[in-house]
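Q: Have a look at this one.
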Amino acid sequence: MKRCAVFLMLFVFTAACASLITCRPVATYAADVTVYITKTGRKYHADGCRSLLRSRIPISKTDAAKRGYTPCKNCKP
Ligand SMILES: [Zn+2]
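Below is the structure:
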């Protein structure tokens with residue numbers, strides 16, 4: 002009986018893992034990408050761009066584009 006329960010738990014865990022893995026690409030595709038803008042610039046950047054040394058304000062890519070920000074040519078977000 003105990004072995005059966007362990008097997009069941011293992012099965013549920015494996016199933017949860019599998020669904021997480023299969024769902025992840027869809028979630029990533031649906032979720033908005035976070036980019037970063039600066040206080041003064043009119044461009045948005047990928048994380049780690051040199052231009053973000055002074056200020057680094059996270060914003061969704063869609064929002065940034067809506068507000069008139071354009072992608073940085075250096076980091077190509
Ligand atoms: Zn940049």
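Numbering follows the numbering used here, in which position 71 of the sequence shown is assigned residue number 72; successive positions increment by one, without gaps.
C-beta atoms are modelled at their ideal positions from N, C-alpha and C, and glycine is treated no differently.
Comparing alpha-carbon positions, which option in ASP33, THR39, ALA32 and VAL34 lies nearest ILE58?
A: Within the sequence shown, residue 58 is the residue found at index 57, counting from 1. Answer by Cα proximity: THR39.
Q: CB LYS62 to CB TYR45, shorter than 8 Å?
A: Working through the sequence shown from its first residue, we reach residue 62 at position 61. Working through the sequence shown from its first residue, we reach residue 45 at position 44. Yes, the Cβ-Cβ distance between LYS62 and TYR45 is below 8 Å.
Q: Assign ALA32 to buried or exposed, taking buried as 16 or more other Cβ atoms, counted over all protein chains shown, within 10 Å of its Cβ.
A: What you label residue 32 is simply residue 31 of the sequence shown in a count that begins at 1. By the 10 Å Cβ count, ALA32 comes out exposed.
Q: Under 7 Å from any heavy atom of ligand 1, does the C-beta of SER52 make it?
A: As a position in the sequence shown, residue 52 is number 51, starting the count at 1. Yes, ligand 1 has a heavy atom inside 7 Å of this Cβ.
Q: Quick check on DSSP: helix, strand or coil for THR29?
A: Position 28 of the sequence shown, counted from the first residue, corresponds to residue 29. Since pLDDT at THR29 reaches only 47, below the 50 mark, its modelled position is unreliable, and the value read off the structure follows with that caveat. THR29 falls in the helix class under three-state DSSP.
Q: Return the bridge partner residues of TYR45 from the DSSP annotation.
A: As a working note, residue 45 is residue 44 in the sequence shown. DSSP lists ILE38 and PRO72 as partners of TYR45.
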